[in-house]
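First up is the structure itself, then whatever we jot down about it.
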Amino acid sequence: NAEYMGGSAEQALEDESSTAALHEARLARERTTAHAVAAVVHPTPKLPLAIPSAVLFAQILSTLGSVKLAWSPLTQRVLDSCSFAALDVSFVANECTLSSFAWKYRVTMAVPLLFLLAAALGSVATWAWLLLCAPPQRPQLRILDAAHSFERTALFFGLLMYLPLCRTALTPFDCSKMPNGRFYLDADLGVECFDAVWSRDLALYCVCSGVYVLGLPLVLTLRLVQFRKRLYEPETLVRYGWVYEKFYTRFARFELVMLAKRLAVVLVTLFCSGLQVLLVGALLALFATSAALQTHWAPYYSPLHNALETRLSVVLCVVLFLGFAFYADSFPSHAYRVACSYALVLAVSAGVACLLQSLTLELRELFRSSQTRRRVHAEGAESGPVFLDVAQRDFVEQVAVRAREWAPDTSDAEMRLRVIEFLGFGRGAAAASSDGSVTAELELNALGVRKPDAVTTSGDASAASQ
């Protein structure tokens, strides 16, 4: 396209009568490519990230509700109401229906396997449908065969439910020493740890812990390392793009950091349950560090997602601080305790409000992105293809990353011409413009690079001719 437009521009300069028509055509392509570049640099996820963030937020609140911090009845009800997101199957596997902790553990661990079996059957049906009925305009859907579709579903479910799965899998190892000198399970004080009955199921406990706690991070790490040089090829994007495409390229493995954060929450709440001061201090340090790193690194493409994660971490810090106030129980009067209870409810409500705001903005952005894609495809059908290949996409991403720390001086004519050339217009197209800064401004705006205030958008004749 660059060579074609360059040649057309040189011919147009020889014929002054066609300059105006060429200028209009070039501006039309600039608008189309600017939308395409913006879509590549800031991809819009198909599932609003506020949804998995809300599930994780509810899971952490439910986990905090299970910690012995002397919560008030109101705050305990609020925290227990979040157990819907924590894979709580106690309504099926409880003491009334199952006689022992071991059987309850087996049933609880079997629920994800049943889901995976249903996912496998659904993946086969989906693959058959895509193979026979995939729309011609979306051939990339055919890349997903049954095995890859099942892997994608399993990874998505595993990431979403990693925290409750880890907590349930490690429950048999959460033992406390009683006054008689023996160890008993915190989840069921009728079960003695390290005796013959507990040791008989030790192999099952170890296998479930290895599969659910270590299996998912290991598989995800292997996949990200295996495709580290092909992250933005179409086949890799279809299979695993939903894992890393929401992050900047240099943070492609940041999902592993998020998994480590969830595992840290599980380990602290399980094995420090009898040391409340250490538990609260460790979780406060974890969430405060998470908020600081989110603010400093900003790993997500969208500032909205970075702000959401930071705000939720701050809310969790407030909940922990108020929980420690309940544990200390040094309120001057009952009114202060009630006020602290309402303060915790307000903190949780603030987190829910942040999630609803983010969800609303993401849905609006999804709608706008859908309209933009339709407009780009409609314009591209007449003016030529606007698809950016993998090499162009990598270049644009690197420019977007570096643009946060370095802003080029677009008043320099050579800099404008280089930006235009690299983005696919060619020097001939740039020289054909009577206003050389228009193209650079459009493309740099699409990349998020601001033009210095002292520089005007109007170029001089000498710069354009150069």
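Take any residue in the sequence shown, note its place counting from 1, add 1313, and you have its number in our numbering.
The C-beta atom is built at its ideal place from N, Cα and C for all residues, glycine as well.
I believe residue 1569 touches residue 1535 by the beta-carbon criterion, under 8 Å. Please report the beta-carbon distance rounded to the nearest angstrom. Mapped onto the sequence shown, residue 1569 falls at position 256. Mapped onto the sequence shown, residue 1535 falls at position 222. At roughly 11 Å, the Cβ-Cβ gap does not stay under 8 Å, so residue 1569 and residue 1535 are not in contact.
Might you give, ordered along the chain, the residues of its own chain that have their beta carbon closer than 7 Å to the beta carbon of residue 1544, omitting 5 neighbours on each side? Here residue 1544 refers to the residue found at position 231 of the sequence shown. Hits under 7 Å: 1557, 1565.
Runs of beta strand (DSSP E) wholly within the segment 1479 to 1520 (minimum 3 residues, chain order): Qualifying beta strand (DSSP E) stretches, in chain order: 1488 to 1490, 1496 to 1498.
How far does the alpha helix (DSSP H) with residue 1538 in it extend, from its first residue to its last? Translated into the one-based positions of the sequence shown, residue 1538 becomes position 225. 1529 to 1539 is the span of the alpha helix (DSSP H), which, as asked, contains residue 1538.
Could you tell me which of 1415, 1391, 1423, 1540 sits nearest to residue 1665, measuring between CA atoms? Here residue 1665 refers to the residue found at position 352 of the sequence shown. Ranked by how close their Cα comes to the Cα of residue 1665, the residues 1415, 1391, 1423, 1540 have 1391 in first place.
Sequence-distant residues of the same chain with beta carbon closer than 7 Å to residue 1480, five excluded per side: As a working mapping, residue 1480 is identified with position 167 in the sequence shown. Cβ neighbours of residue 1480 beyond the five flanking positions: 1376, 1579, 1583.
Other residues of its chain near residue 1357: CB distance less than 8 Å, five sequence neighbours each side excluded: Counted from its first residue, the sequence shown places residue 1357 at position 44. For residue 1357, the predicted model reports a pLDDT of 45, less than 50, meaning its position is unreliable and no value from the coordinates is stated.
Pull up the CB-CB distance for residue 1595 and residue 1585, whole angstroms please, since I reckon it's below 8 Å. To locate residue 1595, count along the sequence shown from 1; it is residue 282. To locate residue 1585, count along the sequence shown from 1; it is residue 272. About 7 Å separates the two Cβ atoms, so the contact holds.
When the distance is taken between beta carbons, is residue 1659 closer than 8 Å to residue 1373? Numbered from its first residue, the sequence shown carries residue 1373 at position 60. Numbered from its first residue, the sequence shown carries residue 1659 at position 346. Against a cut-off of 8 Å, the Cβ pair of residue 1659 and residue 1373 comes out as no contact.
Span of the alpha helix (DSSP H) holding residue 1579? Stepping through the sequence shown from its first residue, residue 1579 is reached at position 266. Start and end: 1567 to 1584.
Determine the contact status of residue 1642 and residue 1383, defining contact as a CB-CB distance below 8 Å. The count along the sequence shown starts at 1 and reaches residue 1642 at position 329. The count along the sequence shown starts at 1 and reaches residue 1383 at position 70. Taking 8 Å as the Cβ cut-off, residue 1642 and residue 1383 qualify as a contacting pair.
How would you write the range of the alpha helix (DSSP H) that residue 1365 sits in, first residue to last? On the sequence shown, residue 1365 is found 52 positions in, with the first residue counted as 1. Taken as a continuous stretch (DSSP letters only), the alpha helix (DSSP H) holding residue 1365 covers 1363 to 1378.
Can you tell me the Cα-Cα spacing of residue 1475 and residue 1527, whole angstroms? Against the sequence shown, residue 1475 aligns to sequence position 162. Against the sequence shown, residue 1527 aligns to sequence position 214. The alpha-carbon atoms of residue 1475 and residue 1527 are separated by roughly 10 Å.
Measure the C-alpha to C-alpha separation of residue 1571 and residue 1492 and round it to an integer number of angstroms. The count along the sequence shown starts at 1 and reaches residue 1571 at position 258. The count along the sequence shown starts at 1 and reaches residue 1492 at position 179. One C-alpha to the other measures close to 38 Å.
From 1617, 1640, 1646, residue whose alpha carbon lies closest to that of residue 1670: Within the sequence shown, numbered from 1, the residue matching residue 1670 stands at position 357. It is 1617.
If we count Cβ pairs, one from each stretch, closer than 8 Å, do we get three or more for the segment 1423 to 1430 versus the segment 1464 to 1473? With the rule of 3 Cβ pairs closer than 8 Å, the segment 1423 to 1430 counts as touching the segment 1464 to 1473.
Who does residue 1613 pair with in a DSSP beta bridge? Along the sequence shown, read from residue 1 onward, the residue named residue 1613 stands at position 300. 1560, per the DSSP bridge assignment.
Residue 1417 in three-state terms, based on DSSP: Residue 1417 sits at position 104 when you count from the first residue of the sequence shown. Judged by DSSP in its simplified three-state form, residue 1417 adopts helix.
Mind the definition here: the segment 1495 to 1514 touches the segment 1597 to 1613 only if three or more C-beta pairs lie below 8 Å; say whether that holds. No: the two stretches stay apart, fewer than three of their Cβ pairs being nearer than 8 Å.
Nearest-angstrom Cα separation, counted from residue 1539 out to residue 1513: For the purposes of this step, residue 1513 is taken as the residue at position 200 of the sequence shown. For the purposes of this step, residue 1539 is taken as the residue at position 226 of the sequence shown. Annotation: residue 1513 to residue 1539 spans about 39 Å, alpha carbon to alpha carbon.
With DSSP collapsed to three states, give me the class of residue 1645. Taking the first residue of the sequence shown as position 1, residue 1645 is located at position 332. Three-state DSSP puts residue 1645 in coil, outside helix and strand.
Taking the alpha-carbon positions, what's the residue 1663 to residue 1437 distance? In the sequence shown, residue 1663 corresponds to position 350, counting from 1. In the sequence shown, residue 1437 corresponds to position 124, counting from 1. C-alpha separation (whole angstroms): 42 Å.
From 1667, 1649, 1650, 1645, pick the residue whose C-alpha is nearest to that of residue 1623; which is it? Start at 1 with the first residue of the sequence shown, and residue 1623 comes out as number 310. Nearest C-alpha to residue 1623 among 1667, 1649, 1650, 1645: 1667.
Looking only at its own chain, which residues have a Cβ that is under 6 Å from the Cβ of residue 1652, when we skip the five neighbours before and after it? For the purposes of this step, residue 1652 is taken as residue 339 along the sequence shown, with counting starting at 1. Result list for residue 1652: empty, nothing under 6 Å.
Taking only three categories from DSSP, how would you classify residue 1587? Locating residue 1587 in the sequence shown gives position 274, counting from the first residue. The three-state secondary structure of residue 1587, taken from DSSP, is coil.
Is the Cβ-Cβ distance between residue 1463 and residue 1433 less than 8 Å? Counting from 1 along the sequence shown, the entry for residue 1463 is found at position 150. Counting from 1 along the sequence shown, the entry for residue 1433 is found at position 120. Result yes, Cβ atoms of residue 1463 and residue 1433 sit closer than 8 Å.
Residue 1516 versus residue 1588: straight-line alpha-carbon distance, rounded: Reading the sequence shown from its first residue, position 203 is the one you call residue 1516. Reading the sequence shown from its first residue, position 275 is the one you call residue 1588. When rounded, the separation of the alpha-carbon atoms in residue 1516 and residue 1588 is 28 Å.
Just verifying my parser: in three-state terms, what is the DSSP assignment at residue 1360? Counting from one through the sequence shown, the residue named residue 1360 turns up at place 47. Coil at residue 1360, not helix or strand.
Within the same chain, show all residues whose beta-carbon is closer than 7 Å to that of residue 1591, passing over the 5 residues directly before and after it, in chain order. Looking up residue 1591 in the sequence shown gives position 278. 1585.
Would you mind working out which of 1635, 1648, 1646, 1644 sits nearest residue 1656, comparing C-alpha positions? As a working mapping, residue 1656 is identified with position 343 in the sequence shown. Closest by alpha carbon: 1635.
Under a three-way DSSP split, which group does residue 1382 fall into? In the sequence shown, residue 1382 corresponds to position 69, counting from 1. The answer is coil: DSSP assigns residue 1382 none of H, G, I, E or B.
Given residue 1378 as reference, the closest of 1633, 1465, 1525 once Cα atoms are compared: Numbered from 1 along the sequence shown, position 65 holds the residue referred to as residue 1378. For residue 1378, the closest C-alpha among the options 1633, 1465, 1525 is that of 1633.
Can you tell me which of the three DSSP states residue 1290 falls into? As shown, the chain starts at 1314 and ends at 1779. That puts residue 1290 outside it, with no answer to give.
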